[in-house]
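Only one structure is covered here, and it is reproduced in the block below.
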Amino acid sequence: MPPKKRARVTKAGKDDDGETAGAKRKATEKTKESTESAAPPQYCHWLMKSEPESRFENGVDMKFGIKDLKAMPNQTSCWDGVRNYQARNFMRQMKDGQLAFFYHSNCKEPGIAGVIKIVKEAYVDHTQFDKKDAHFDASSKPDNPKWSMVDVQYQRMMKRYIPLSELKKYHLQHRADGGPLKDMALFTRARLSVQPLTTEEFDFILSLEEEKPFRWTK
DNA sequence: GCCAACGTTGGC
DNA sequence: GCCAACGTTGGC
1 MPPKKRARVT KAGKDDDGET AGAKRKATEK TKESTESAAP PQYCHWLMKS
51 EPESRFENGV DMKFGIKDLK AMPNQTSCWD GVRNYQARNF MRQMKDGQLA
101 FFYHSNCKEP GIAGVIKIVK EAYVDHTQFD KKDAHFDASS KPDNPKWSMV
151 DVQYQRMMKR YIPLSELKKY HLQHRADGGP LKDMALFTRA RLSVQPLTTE
201 EFDFILSLEE EKPFRWTK
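When we follow the UniProt record's numbering, the leftmost residue of the first sequence carries the number 1, and every step to the right adds one.
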């Protein structure tokens, strides 16, 4: 039922519980004496990247901008094609009703285009088994699927587009003065296509909608 | 189109 | 389990 979309992420390693070697090592150290419930911090806001301009991968157009989501039935789509364990694990943490920014990547002017809502929590990404899909994963078996997806629904456009360049200026400024974007994953983990935002980061970015585009003040 | 950053692979 | 080679992301 959920319509189709494409998100793009790297192929990743073979570890079937989905941690990189480094992350796993850390987790093991951490959970040695503490119990299972040494849970990761719970995030409730997200940023999800997708490409609004045409680009062909294995003969398939990866274009899926916020307008494409809005044009879907019920303005809803599954977020398939994520093939990176960190990104997948963040999707598995997502809860029904949480909000995310729809980020336009790999385009003329990258930036945050709008707000979307998680409307279905993580379930099996069927495209991993589809040989014709750009993100087919021959190493994933139906009895033990590797990759998950969520469903998202369009909420609204940003009142104004928030370009990456502007976010970066705030990031640099906040690194110096301790402001809310000082550790934003968009800059500290630039290649992650699904990333968490703290409430402070999310609220600060929303507040930018009301501001004039950033200018350096002398 | 270039290429830096970084994640993954595979030889040893 | 190190690490060089390779592949991908995504800004510019």
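Just so you know, even glycine gets a beta-carbon here, dropped at the ideal spot from N, CA and C.
Among the options, the one whose alpha carbon lies nearest that of residue i
i: Y43; options: R83, G178 and D96; result: D96
i: residue 219; options: L186, R160, R189 and N106; result: Limits of the chain in this structure are 1 at one end and 218 at the other, which puts residue 219 out of reach.
i: A87; options: S193, G81, Q98 and L186; result: S193
Residue i to residue j span [Cα, whole Å]
i: K131; j: D137; result: 8 Å
i: E166; j: T188; result: 16 Å
Same chain, Cβ closer than 8 Å to residue i, neighbours up to 5 away in sequence not counted
i: G179; result: Y170, Q173 and F204
i: residue 243; result: The structure shown does not extend to residue 243, since the chain spans only 1 to 218, so no value can be given for it.
Own chain partners of residue i with C-beta closer than 6 Å, once the 5 adjacent residues on each side are dropped
i: D134; result: The sequence given here places Ala at residue 134; Asp does not occur at that position. The answer, listed in chain order, is E57, N58 and V60.
i: P163; result: E109 and G111
i: Q128; result: D137, S140 and W147
i: Q153; result: Q75, T76, K117 and V119
Contacts around residue i, its chain only, beta-carbon distance under 7 Å, and the 5 residues preceding and following it disregarded
i: M94; result: W46, I118, E121, A122 and V150
i: V124; result: P145 and S148
i: R156; result: G114 and V115
Residue i: CB within 8 Å of a non-hydrogen atom of the ligand SAH
i: D177; result: Absence of the ligand SAH from the depicted structure is noted, as is the absence of any ligand whatsoever, leaving it without description.
Inside the stretch 85-153 only - beta strand (DSSP E) runs reaching at least 3 residues: 99-104 and 111-124
In chain order, which continuous runs of the alpha helix (DSSP H) of length 4 or greater are located wholly inside the stretch 158-192? 164-177 and 185-188
Within 8 Å, do at least three Cβ pairs link the stretch 142-149 to the stretch 186-203? Using a Cβ-Cβ distance cut-off of 8 Å, the stretch 186-203 and the stretch 142-149 are not in contact, since fewer than three pairs of beta carbons, one from each stretch, lie closer than that value.
Pairing CB atoms from the stretch 47-56 with CB atoms from the stretch 65-82, are three or more of them under 8 Å? Yes: the two stretches touch, three or more of their Cβ pairs being nearer than 8 Å.
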